[in-house]
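When we follow the numbering used here, the leftmost residue of the sequence shown carries the number 2, and every step to the right adds one. The beta carbon of each residue, even a glycine, is placed where N, CA and C say it ideally should be. Here the structure comes first, spelled out in structure tokens, and everything after it is commentary.
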Amino acid sequence: MTSLEDRLLAAHENGDTIALITLYSEAAEQATDATAAGFYLTHAYVFALETGSPLADDLRQRLIDMGREEPFQAATTN
2 MTSLEDRLLA AHENGDTIAL ITLYSEAAEQ ATDATAAGFY LTHAYVFALE TGSPLADDLR
62 QRLIDMGREE PFQAATTN
């Protein structure tokens, strides 16, 4: 089986942004510390935003839950 790192490199080389969302999410799940998990999850989120993936909302919520993203604040009216 090909390593996750090899699959990530191949997806980057091929410009396969859909695969990158999945692979970076997988890397976040396998990360052994919060810093690495946040790094990989942020990459997954950025690629999801770039492609308009419906996964972007879930990825963003995971970043919020990790304390690495801020929830949207409701607009106030004066």
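A check of alpha carbon separations from residue 19 across 77, 50 and 71 identifies 50 as the nearest. For the pair residue 42 and residue 60, the CB atoms are nearer than the 8 angstroms cut-off. Inside the region 20-50, DSSP marks no whole alpha helix (DSSP H) run of 4 or more residues. In the three-state DSSP reduction, residue 12 falls in the helix class (H, G or I). Bounds of the alpha helix (DSSP H) holding residue 58 are 57-66.
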